[in-house]
Amino acid sequence: MTLDYLTYLISVGLQSVQEYLALHVLMCLVPAFFLAGAIASLFSKESVLKFFGADAPKYVSYTVAAVSGCLLAVCSCTVLPLFAGIYKRGAGIGPATTFLFSAPAINILAIVYTAKILGYDLGAARAFAAVLLSVLVGVIMSLAYERKDTERKPIKTFGEAEHKHSVQLFILLIVVLIAPELMSSWGWKYTFQILAWIPLIGLTAYLSYRWFSKEEINSWVGETWFLIKQITPLLLLGVFFAGIAVVVLPKEYVAAFVGGNSLASNFISSIAGALMYFSTLTEVPIIKALTLLGMGTGPSLAMLLAGPALSLPNMIVINRIMGVKKGMTYICLVVLIATFSGYVFGSMFA
């Protein structure tokens, strides 16, 4: 590799980062970080996780397990200790594996970013499929391994009360998050969007200081800054190398393996996503680069479903928590369901 070619690749990667840091992306991503930080610090995880106990009806357990990722802001790494905790404290294997599959896939940051970068159809499909199919995974695991005579103990360690203004703050932050997109769809220029957006942010900040204590605000800001520090460098690195990948990877190889919408291409994409380790959000620019090289719509969804739910380190931990037989059953189910979902989505919306 010559020095000139290396310099060219670096310039391509930097250009990708520069394009990524456009105003319309930052107006989406920065509020999403604050929303995730608020969820992590101001929302009681215990008030959600208590529904996994033995006293909760199954329809409640499965429903909460399928949608709680939006309220817990977990990624593929942080979901493992939560899963281990609820599983070992008495949650059934069905709701526990539903939570394990769904929670990282519907991380609020991931859904927002997917919709912004890959399109709202793929973002909505990712959220819908993750919720629906996570229940299917849980039900199958329950039918296969949960015996009727298995004793399940109540989860007594969860029960912390929710802050009375948490819901209001969550709604306000959602409005701040979606307002730029709404204004953009109305044809407003960025100048007018910002002029309308700033008072909304000011109102949210004012009410936050009225509703929450100084310690809670500091916790919120600290959690948001932690997420930014943890995710942004890896995200920018992913964007940088994704930009280079568009230039380096031969289009014919991408088209041959994950192009179109065959069962084989979806299966390959699902397996690749399951084996790779995606830090939070980095799967999005990588898949964006692959789509520019010819990756099909269906395989894109397959990788979006399998990637956050599994990785090689993640699979090792899952097998240690549940045992090899149950762990491998769960892993195979995720890969097969991601493959099938991608194939159906690609057939319907390609």
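Residue numbers 1 to 350, in our numbering, belong to the letters of the sequence shown in order.
Quick reminder that beta carbons are idealized off the backbone N, C-alpha and C, glycines included.
Cβ-based neighbour list, residue i, same chain, cut-off 6 Å, excluding 5 preceding and 5 following
i, result
"THR339", "ASN266, PHE267, SER270 and ALA302"
"MET407", "Because the chain is modelled from 1 through 350, residue 407 falls outside the range shown and cannot be assessed."
"PHE241", "none"
"LEU304", "ARG126"
"VAL64", "PHE51"
"TYR5", "none"
"PRO299", "VAL258, SER265, ASN266, SER269 and GLY342"
"ILE117", "VAL284 and LYS288"
"SER219", "SER41"
"LEU100", "PHE83"
"CYS70", "ILE106 and ILE108"
"HIS165", "TRP211"
Boundaries of the alpha helix (DSSP H) in which residue i is found, first to last residue
i, result
"PRO95", "93-105"
"GLU146", "It is not in any alpha helix (DSSP H) - GLU146 carries neither H nor E in the DSSP assignment."
"LYS326", "324-349"
"PHE192", "190-211"
"GLY273", "263-275"
"THR291", "283-292"
"THR63", "58-67"
"THR379", "Because the chain in this structure spans residues 1 to 350, residue 379 falls outside the shown range and cannot be described."
"LEU305", "297-309"
"LEU109", "108-118"
"PHE52", "Per DSSP, PHE52 belongs to no alpha helix (DSSP H) and is neither H nor E."
With 16 other Cβ atoms within 10 Å as the buried cut-off, status of residue i
i, result
"ARG126", "buried"
"ALA110", "buried"
"THR414", "This structure cannot speak to residue 414, because the chain is shown only from 1 to 350."
"THR150", "For THR150, the predicted model reports a pLDDT of 49, less than 50, meaning its position is unreliable; a value from the coordinates is still stated below. So THR150 counts as exposed."
"ALA38", "buried"
"LYS288", "buried"
"SER11", "exposed"
"ALA124", "exposed"
"GLN168", "exposed"
"GLU19", "exposed"
"TYR21", "Note on identity: in this sequence residue 21 is Leu, with Tyr being the wrong assignment. Classification for LEU21: exposed."
"THR191", "exposed"
"ILE316", "exposed"
"PHE158", "Since pLDDT at PHE158 reaches only 39, below the 50 mark, its modelled position is unreliable, and the value read off the structure follows with that caveat. Counting Cβ neighbours within 10 Å, PHE158 comes out buried, since at least 16 surround it."
"THR297", "buried"
"LEU80", "buried"
"MET322", "buried"
"SER311", "buried"
Own chain partners of residue i with C-beta closer than 7 Å, once the 5 adjacent residues on each side are dropped
i, result
"PHE34", "LEU173 and THR224"
"SER142", "GLY92, ILE93 and GLY94"
"VAL139", "GLY94"
"GLY294", "LYS251, VAL254, ALA255 and GLY259"
"SER16", "VAL239, PHE240, ALA242 and GLY243"
"PRO199", "none"
"THR114", "LEU122, GLY123, ARG126, VAL284 and LEU304"
"LEU133", "ILE337 and SER341"
"VAL335", "SER270, ILE271, ALA274 and ALA306"
Cutoff 8 Å; reference residue i; Cβ partners in own chain excluding five residues on either side
i, result
"VAL60", "PHE51"
"LEU9", "ILE244, VAL247 and VAL248"
"ALA196", "ALA179, MET183 and TRP188"
is_contact[residue i, chain B] using C-beta, thresh 7 Å
i, result
"ILE108", "The structure shown contains no chain B, having only a single protein chain."
Problem - Inter-stretch contact at 8 Å, needing at least 3 Cβ pairs: the region 249-262 / the region 319-333 - result: no
Exercise for the section: Evaluate contact between the region 135-147 and the region 89-98, counting only Cβ atoms and requiring at least three cross-stretch pairs below 8 Å. Expected result: yes
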